[in-house]
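Be aware that the sequence shown starts at 1, since it is given in UniProt numbering, and climbs by one per residue.
Encoded as structure tokens, the structure appears first; notes follow it.
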Amino acid sequence: MLLINDYKFEITSTLVIMFIIIMYTSSHAFRYYAKYALFTVLSYISATIFIPLMLRRPRDYRNGLLPAWGGRQISKMLGLTWEMRGQENIVQGSGCVVLINHQSCLDLLVLSEIWPVMDRCTVISKKEIFYFWPFGLASWLWGTIFIDRLNVASAQSTINKTGQAILQRKARLCMFPEGTRHGGLELLNFKKGAFHVAISSQCPIQPVVVSQYFFLDHKKHIFDSGHIVITILPPIATEGMTKDNIVELIEKSRTAMQDVYTKSSEEMKTKYYNIS
1 MLLINDYKFE ITSTLVIMFI IIMYTSSHAF RYYAKYALFT VLSYISATIF
51 IPLMLRRPRD YRNGLLPAWG GRQISKMLGL TWEMRGQENI VQGSGCVVLI
101 NHQSCLDLLV LSEIWPVMDR CTVISKKEIF YFWPFGLASW LWGTIFIDRL
151 NVASAQSTIN KTGQAILQRK ARLCMFPEGT RHGGLELLNF KKGAFHVAIS
201 SQCPIQPVVV SQYFFLDHKK HIFDSGHIVI TILPPIATEG MTKDNIVELI
251 EKSRTAMQDV YTKSSEEMKT KYYNIS
């Protein structure tokens with residue numbers, strides 16, 4: 001009994017670790033919540049731990065390279081591997097609007113893969129994120145553009161300034177045109193915001209398609225390891241277009257992205273997942 005009391009902490013710790021290992025390997029629901037908890041905590045740490053270094057050059061897209069590196073380490077811990085295709089299609093010599101299909105909060109890891117490949121990236125976010133400190137501060141430091149979605153005039157003014165930034169700094173504005181998370185077989189209808197920016201600045205659209213997250217199933221509480229392909233499509237020109245062409249531009253962009261999404265997802269399902 002004295003021996004047990006002497007090693008009470010060590011014994012308890014060992015039992016807890018064994019319990020976690022057993023549950024993690026045997027229960028997909030436990031693994032689902034454990035992975036999401038790990039993703040959330042590590043993403044927060046990765047985004048904020050580099051703030052002292054970011055303060056040396058505020059509002060610089062290069063600050064995002066630090067948390068992007070952290071995001072790639074998180075992917076490894078979660079058992080996710082990424083394959084980048086179409087880098088030869090990256091717009092050169094000008095800024096652009098980068099369109100990415102939106103499936104999950106794990107799309108943050110997609111940005112971690114894209115950030116070092118595409119120079120001068122930035123994103124648009126709702127202004128509430130800025131007040132979620134210190135994450136909001138980190139977001140501001142790497143150049144996130146915050147908009148007030150409830151104030152149309154303010155949001156439009158910010159979007160106009162964003163168009164100017166694309167032209168002057170050759171920035172690459174990453175946006176999720178679906179506007180909400182969706183992991184089905186069909187992309188959702190695209191919102192017009194990204195296309196207004198592209199047309200007003202006369203910059204090309206750079207479609208980026210992420211294959212379906214077959215490793216993730218919220219209804220069944222499944223979060224397994226997985227392989228995902230990110231495909232950078234050829235740019236779509238907007239020169240000479242006006243707001244009268246916006247419906248045509250949306251349809252052209254969505255059709256191109258849907259085609260690649262369907263094909264790349266089917267390829268991944270056949271190669272890496274046992275799904276009928």
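Glycine included, C-beta positions come from ideal geometry on N, C-alpha and C.
Once DSSP output is grouped into helix, strand and coil, what is the label at residue i?
| i | result |
| --- | --- |
| K161 | helix |
| T144 | coil |
| K191 | coil |
| T12 | helix |
| V98 | strand |
| P52 | helix |
| Q73 | helix |
| I275 | coil |
| V197 | helix |
| E178 | coil |
| F19 | helix |
| I90 | coil |
| S139 | helix |
| R59 | coil |
| S154 | helix |
Going by DSSP, name the residue or residues bridged to residue i.
| i | result |
| --- | --- |
| C121 | R172 |
| P67 | P67 pairs with nothing; no bridge assigned. |
| W82 | I228 |
| K126 | I147 |
Assuming residue i and residue j form a contact by the criterion Cβ under 8 angstroms, report the distance between their Cβ atoms to the nearest whole angstrom.
| i | j | result |
| --- | --- | --- |
| I236 | Y213 | In fact, because the Cβ distance is near 25 angstroms, the residues do not count as touching under 8 angstroms. |
| A171 | R120 | 5 angstroms |
| F39 | L106 | 7 angstroms |
| L233 | V197 | With 8 angstroms as the limit, L233 and V197 do not qualify as a contact, their Cβ atoms being about 18 angstroms apart. |
| T180 | H102 | 7 angstroms |
| L141 | I51 | 7 angstroms |
| I230 | W82 | 6 angstroms |
| R169 | G95 | 7 angstroms |
| T144 | V123 | 6 angstroms |
| L185 | S104 | Contact flag wrong, Cβ pair sits at about 15 angstroms. |
| S139 | I129 | 6 angstroms |
| I114 | V208 | 7 angstroms |
| P134 | T48 | 5 angstroms |
| F195 | I246 | 5 angstroms |
| L249 | C203 | About 12 angstroms; that fails the 8 angstroms criterion. |
| residue 305 | S211 | Lying before the first or after the last residue shown, residue 305 is absent from the chain, which here runs from 1 to 276. |
| N160 | S200 | 7 angstroms |
Starting from residue i, trace the alpha helix (DSSP H) both ways and give me its first and last residue.
| i | result |
| --- | --- |
| R31 | H28 to T48 |
| L185 | Premise fails: L185 is in no alpha helix (DSSP H) and is neither H nor E. |
| I114 | D107 to I114 |
How far does the beta strand (DSSP E) with residue i in it reach, from first residue to last?
| i | result |
| --- | --- |
| V210 | I205 to V210 |
Legend entry - Entirely enclosed alpha helix (DSSP H) segments - the region 214-272, minimum 4 residues: Correct list: 246-272.
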